[in-house]
């Protein structure tokens, strides 16, 4: 058995083990101890840990990063065998695949955060309706947990559970504030904290927050609409080379093989793809709207 095969099997075994460990860690049962000290836990949580929690991966973030590295090594070894690229490119390829996976996971997490923020006005309306009907603030939160859907339902269910286990309002709201950090989320959580600490009319407090949240989301929608043309143009320009490859292969089947067989062909192709990825990340940051 060759050294490459041994390393491939080793990386595959570590990947399977990490997946199994992630699975069993992700299927724990919430207890009172799991809600104690939530405020300090989430306030001191790193970026990787927050990203994993938003993606519903309740595991050690470094274990998740190790899994990604092992998976990237498996992909890199597979490319070496399939494309017959030099062995020295295994490590750079694994690092590149790891960065791509982490970048994709971060983008998915950001989409989930924005989806959560868009649902905040609906949650506020449910709480206002419950408060107008004479329900207590905790009953209003339970109404959202029972009648909302998606992320709002799961996060408000965790919030209600934390309060039932005896957590303070600051600790109970710390998870949502940390994982779904946005101006709208912070305003809603601060309203809950103020109502719990100082009292007052919850319906009136929620009404003022609802107006500001809706105005903020409206501004973001207008900004996204103005930038949508540039985003779609960037996507088209990035995909155009790959869409043209089948047409070139149909007219001149040998051109790609000549390029690959050249001593610098694979290196040039890898460099081009790397530069394209750098350009995508840069353009993504330029077009990102922070409101």
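Numbering (this note's numbering), first residue to last: 1162 to 1452.
For glycine and all other residues, C-beta sits at the position ideal for the given N, C-alpha and C.
DSSP three-state call for residue i: helix, strand or coil?
| i | result |
| --- | --- |
| residue 1326 | coil |
| residue 1216 | coil |
| residue 1294 | coil |
| residue 1341 | coil |
| residue 1270 | helix |
| residue 1428 | helix |
| residue 1279 | helix |
| residue 1360 | coil |
| residue 1422 | helix |
| residue 1335 | helix |
| residue 1444 | helix |
| residue 1309 | coil |
| residue 1368 | helix |
| residue 1225 | helix |
| residue 1207 | coil |
| residue 1314 | helix |
| residue 1449 | coil |
| residue 1351 | helix |
| residue 1415 | coil |
Between the C-alpha atoms of residue i and residue j, what's the straight-line distance to the nearest angstrom?
| i | j | result |
| --- | --- | --- |
| residue 1444 | residue 1296 | 48 Å |
| residue 1333 | residue 1230 | 34 Å |
| residue 1199 | residue 1328 | Here residue 1199 scores only 47 on pLDDT, less than 50, and its place in the model should not be relied on; the value that follows carries that caveat. Each residue's Cα considered, the two are about 8 Å apart. |
| residue 1340 | residue 1315 | 13 Å |
| residue 1446 | residue 1223 | 25 Å |
| residue 1284 | residue 1400 | 39 Å |
| residue 1396 | residue 1321 | 42 Å |
| residue 1306 | residue 1425 | 59 Å |
| residue 1393 | residue 1331 | 42 Å |
| residue 1427 | residue 1418 | 11 Å |
| residue 1234 | residue 1267 | 20 Å |
| residue 1302 | residue 1271 | 25 Å |
| residue 1376 | residue 1449 | 19 Å |
| residue 1215 | residue 1239 | 31 Å |
| residue 1413 | residue 1433 | 21 Å |
| residue 1350 | residue 1304 | 16 Å |
| residue 1454 | residue 1210 | Residue numbering for the chain in the displayed model covers 1162 to 1452; residue 1454 lies beyond these limits and cannot be assessed. |
| residue 1289 | residue 1354 | 16 Å |
| residue 1352 | residue 1359 | 10 Å |
| residue 1441 | residue 1254 | 18 Å |
| residue 1415 | residue 1219 | 49 Å |
| residue 1221 | residue 1335 | 19 Å |
| residue 1192 | residue 1236 | Bear in mind that a pLDDT of 41 at residue 1192, under 50, signals an unreliable position, so the model cannot answer this. |
| residue 1232 | residue 1422 | 28 Å |
| residue 1317 | residue 1343 | 16 Å |
| residue 1356 | residue 1372 | 18 Å |
| residue 1391 | residue 1227 | 36 Å |
| residue 1326 | residue 1386 | 44 Å |
| residue 1207 | residue 1374 | 27 Å |
| residue 1269 | residue 1225 | 16 Å |
Could you give the C-beta distance for residue i and residue j, rounded to a whole number, given that I count them as a contact under 8 Å?
| i | j | result |
| --- | --- | --- |
| residue 1257 | residue 1430 | So it is not a contact: roughly 13 Å between Cβ atoms. |
| residue 1281 | residue 1345 | 5 Å |
| residue 1348 | residue 1370 | 5 Å |
| residue 1438 | residue 1261 | 7 Å |
Cβ contact check for the segment 1375-1386 and the segment 1405-1413: 3 or more pairs under 8 Å: No, they do not touch.
Segment contact, 8 Å Cβ cut-off, at least three pairs: the segment 1265-1279 with the segment 1299-1317: yes
Three CB pairs or more closer than 8 Å across the segment 1359-1375 and the segment 1291-1305: yes
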